[in-house]
Amino acid sequence: MNSFVHKSLVVQLQAGDTERFPVLAHLSYDAGDPFAVTVVFSHDGRVLARWTLDREMLGEGLTRPVGLGDVRFRPESDGPWEELRMEFYGNAHPDGGRHHAAVFVWAPAVAAFLRETHGVVAPGEEEFGADGFLAEIFAGGSQREV
314 MNSFVHKSLV
324 VQLQAGDTER
334 FPVLAHLSYD
344 AGDPFAVTVV
354 FSHDGRVLAR
364 WTLDREMLGE
374 GLTRPVGLGD
384 VRFRPESDGP
394 WEELRMEFYG
404 NAHPDGGRHH
414 AAVFVWAPAV
424 AAFLRETHGV
434 VAPGEEEFGA
444 DGFLAEIFAG
454 GSQREV
């Protein structure tokens, strides 16, 4: 069975007060990190941003507003057009504001991508190798020089 899912979508990026413009969003899921979805935004062959998102939160964002920190999702509808609004907040400006960008994605495409990921690792069946993770931390900690 394939443990990797990838989908490229044309999305609309709106940075600050600018108009929306199209960019590519490359969504990927790897069963090796079952809680995460990685999205890479690109335009004209250049990577604009790379974010690691919580898979469950991404799914919840299709039906209700979620997120309080740097990443927030909420559904938006304009007649028959169903979108997922993804908001990303970055570093602070000198004036105290924060860099902010919104990405608008066709919601059915995100839902289809998530269904594919659920075929790889079903919700609730995710496993986290805590023992290996802790062993790595402790091994790294014991090798430190004081």
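Each number in our numbering comes from the position in the sequence shown (counting from 1) with 313 added on.
Even glycine gets a Cβ: it sits at the ideal position worked out from N, Cα and C.
Inset, instruction - Could you check if G374 is buried or exposed, using at least 16 other CB atoms within 10 Å of its CB as the buried criterion? - result: In the sequence shown, residue 374 corresponds to position 61, counting from 1. That one is buried.
Inset, instruction - Determine the burial state of G358: buried for a count of at least 16 other Cβ atoms within 10 Å of its Cβ, exposed for fewer. - result: Residue numbering aside, residue 358 sits at position 45 when the sequence shown is read from its first letter. Per the 10 Å Cβ criterion, exposed.
Inset, instruction - Can you say whether A405 is buried or exposed, counting buried as having 16 or more other CB atoms within 10 angstroms of its CB? - result: Start at 1 with the first residue of the sequence shown, and residue 405 comes out as number 92. Result: exposed.
Legend entry - Bridge-paired residues (DSSP) for V418: As a working mapping, residue 418 is identified with position 105 in the sequence shown. For V418, which the question treats as bridged, DSSP gives the partners L397.
Legend entry - Local Cβ density within 10 Å of A425, reported as buried at 16 or more and exposed below that: The count along the sequence shown starts at 1 and reaches residue 425 at position 112. With fewer than 16 other Cβ atoms within 10 Å, it is exposed.
Legend entry - Own chain, CB closer than 7 Å to G329, minus 5 neighbours either side, in chain order: Here residue 329 refers to the residue found at position 16 of the sequence shown. H413, listed in sequence order.
Inset, instruction - With DSSP collapsed to three states, give me the class of L371. - result: Translated into the one-based positions of the sequence shown, residue 371 becomes position 58. Reduced to three states, the DSSP call for L371 is helix.
Legend entry - Pair within 8 Å by beta-carbon distance, A344 and F354: Position 31 of the sequence shown, counting from 1, holds the residue named residue 344. Position 41 of the sequence shown, counting from 1, holds the residue named residue 354. The answer is no: Cβ separation not under 8 Å.
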